[in-house]
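Visitor: Quick one: structure below, then a few questions.
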Ligand SMILES: [Zn+2]
C-alpha cells in the first residue's frame, strides 16, 4: 500500500514572520497538504504558505484538481488564497470546504475577501473552476477519504479536521485552547467561560474533543504558547505546549506535530518548546515521535 504524505507549507500562527529569526522553521502562515495515494491533493488552510504550493502546482502539465479545507476565516488561514496562482488558470478545478457563519455563507465570505477594496481580482474572475461547499460539524466523504469536523475552542467558528483513509487518521487542529482552565491547585476547573457557539451542545466538551482525536496516527495541533504566555492570553484560542502534550497522551495518538508557532517565537524558542514537549512526553512514559512543524517538512505515514 502506498503511503500517505503530509507536507508543511506554512506553520506560523497569526501573521507571516519573514526574516533571519525564523529562517529554519519558516515564517509563512498555516497551510498543510495531504497526498493520499492516487487522489487529488487535499490542502488544509490557505495561509501565506499556499502561495509556494501554488507555484509547484503551476508546473503540472495536466489540469490540477484539488480540495481546499478551511478551518476558519482569520487572516492567517485565508490570506494566501488571492495569491494562489493555479486558481487563476483555466482548466484547473478547486473545491473549497468551510463552514458558514451565522449571517454570511462560505461563498460570500471568500468573495468579500476579494472585494475590490481589498484585492483587484474578484473571485468569479479567478479563471479556474472554483466551487464552494459548506461543511457542517459531523462527517462526510471526499474521494473515499472520511472527514470528520468538530468545532474547536477558538473565537468564532473554527473547525478541527480528522481525515481517515485505509485505517490511518490525520488530525489537523490549527487553533484551539483548553476547554477547562486550571485552578490554583493545577486541577482543571469545571466548565468553560467562552460563549456557547457550537451547534451541538455537549456537557463535557473536553471528553468530546479527546474522542475526536483519539488514537490518531498523526496529531497536528496548536502549540502557540509557553504556559506563562498562555496565562495572559486565556480566551485567545490557542494552547500552551503542556496542554497539547497532555491531550496527545490522553488520546493515545501515535505521533505529535507542534503547529501554529507564535510570531514572536524565533527558531531557538521553537526548538526549546519541542525539547520541553518531548521531555513532557517522556515524563508521561509516552515517548511518541514529536517535532515542531517546519516549512518544507514531509511526514510519511
Ligand atoms: Zn490561526
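In our numbering, the protein residues as written are 504 to 804.
We put the CB at the ideal spot given by N, CA and C, even for glycine.
These numbers come from a predicted model, not from an experiment.
Given the structure, does residue 718 come close to ligand 1, in the sense that its CB is under 6 Å from one of the ligand's heavy atoms?
Guide: Residue 718: no, Cβ never under 6 Å from ligand 1.
Visitor: Skipping 5 residues on each side, what residues in its chain have a beta carbon closer than 6 Å to that of residue 584?
Guide: Excluding positions up to five away in sequence, the list reads 549.
Visitor: Say whether chain B places a C-beta atom closer than 7 Å to the C-beta of residue 527.
Guide: Checking the listed chains, one finds no chain B in this structure; it contains a single protein chain.
Visitor: So is residue 661 buried or exposed if we call it buried at 16+ other beta carbons inside 10 Å?
Guide: By the neighbour-count rule (16 or more Cβ atoms within 10 Å), residue 661 is buried.
Visitor: In the DSSP assignment, the alpha helix (DSSP H) including residue 555 goes from what residue to what residue?
Guide: Where residue 555 is concerned, the enclosing alpha helix (DSSP H) stretches over 553 to 561.
Visitor: Under 6 Å from any heavy atom of ligand 1, does the C-beta of residue 808 make it?
Guide: Past the boundaries of the shown model lies residue 808; the chain is included only from 504 to 804, so the question cannot be answered.
Visitor: For a test of the three-state rule: what should DSSP assign to residue 586, helix, strand or coil?
Guide: If DSSP states are grouped into helix, strand and coil, residue 586 belongs with the helices.
Visitor: Have a look at residue 681 and residue 727 and give me their C-alpha separation to the nearest angstrom.
Guide: In a straight line, the C-alpha of residue 681 is about 12 Å away from that of residue 727.
Visitor: Say the cut is 6 Å; is the CB of residue 577 nearer than that to a heavy atom of ligand 1?
Guide: Yes; taking the cut-off as 6 Å, the Cβ of residue 577 has a heavy atom of ligand 1 nearer than that.
Visitor: Look at the Cβ atom of residue 648, then the Cβ atom of residue 668, and state whether they are nearer than 7 Å.
Guide: Going by C-beta atoms, residue 648 is nearer than 7 Å to residue 668.
Visitor: Is any non-hydrogen atom of ligand 1 found closer than 6 Å to the C-beta of residue 552, if you look at the structure I gave you?
Guide: No, the beta carbon of residue 552 sits no closer than 6 Å to any heavy atom of ligand 1.
Visitor: Apply the 10 Å Cβ neighbour rule to residue 511 and answer buried if 16 or more other Cβ atoms are within range, or exposed otherwise.
Guide: Label assigned to residue 511: buried.
Visitor: What would DSSP say about residue 725, mapped onto helix, strand or coil?
Guide: Three-state result, residue 725: strand.
Visitor: Okay, do the segment 707 to 726 and the segment 672 to 681 touch, 3+ Cβ pairs below 8 Å being the bar?
Guide: Counting Cβ pairs under 8 Å, three or more are found: they touch.
Visitor: Name, in chain order, the residues that DSSP records as bridge partners for residue 572.
Guide: DSSP, once it has assigned bridges, lists 547, 600 as partnering residue 572.
Visitor: Would you mind listing the alpha helix (DSSP H) stretches within the segment 594 to 647 that are 4+ residues and don't spill past its ends, in chain order?
Guide: Qualifying alpha helix (DSSP H) stretches, in chain order: 609 to 616.
Visitor: Count the C-beta pairs between the segment 649 to 658 and the segment 615 to 633 that are closer than 8 Å, then say yes if the count reaches three, no if not.
Guide: Verdict: no, contact absent.
Visitor: Going by DSSP, which residues form a beta bridge with residue 674?
Guide: For residue 674, which the question treats as bridged, DSSP gives the partners 665, 722.
Visitor: Strictly by DSSP, which residues pair up with residue 768?
Guide: DSSP, once it has assigned bridges, lists no residue as partnering residue 768.
Visitor: I'd like to check one pair, residue 569 with residue 631: are the Cβ atoms closer than 7 Å?
Guide: No, the pair does not count as a contact, with Cβ atoms beyond the cut-off.
Visitor: Where does the unbroken alpha helix (DSSP H) through residue 750 begin, and where does it stop?
Guide: That run of the alpha helix (DSSP H) goes 744 to 753.
Visitor: Which residues mark the beginning and the end of the beta strand (DSSP E) in which residue 538 is found?
Guide: Per DSSP, residue 538 belongs to the beta strand (DSSP E) from 534 to 538.
Visitor: Which same chain residues, not among the five before or five after residue 540, have their C-beta less than 8 Å away from its C-beta?
Guide: Taken in chain order, the residues that qualify are 504, 505, 506, 507.
Visitor: Quick one: what does DSSP say residue 795 is sitting in, helix, strand or coil?
Guide: It is a strand residue.
Visitor: State the Cα-Cα distance for the pair residue 798 and residue 639, rounded to the nearest angstrom.
Guide: C-alpha separation (whole angstroms): 30 Å.
Visitor: Compare the Cα-Cα distances from residue 762 to each of 534, 576, 543 and report the closest residue.
Guide: Residue 534 is the option with its Cα nearest to residue 762.
Visitor: Here's the rule: buried if 16 or more other CB atoms are within 10 angstroms of the residue's CB, otherwise exposed. What is residue 803?
Guide: By the 10 Å Cβ count, residue 803 comes out exposed.
Visitor: Is residue 738 helix, strand or coil by DSSP?
Guide: If DSSP states are grouped into helix, strand and coil, residue 738 belongs with coil.
Visitor: Which class does residue 704 belong to by DSSP, given the choice of helix, strand or coil?
Guide: For residue 704, the predicted model reports a pLDDT of 46, less than 50, meaning its position is unreliable and no value from the coordinates is stated.
Visitor: Would you say residue 784 and residue 756 are within 7 Å of each other, going by their C-beta atoms?
Guide: Contact flag unset, no.
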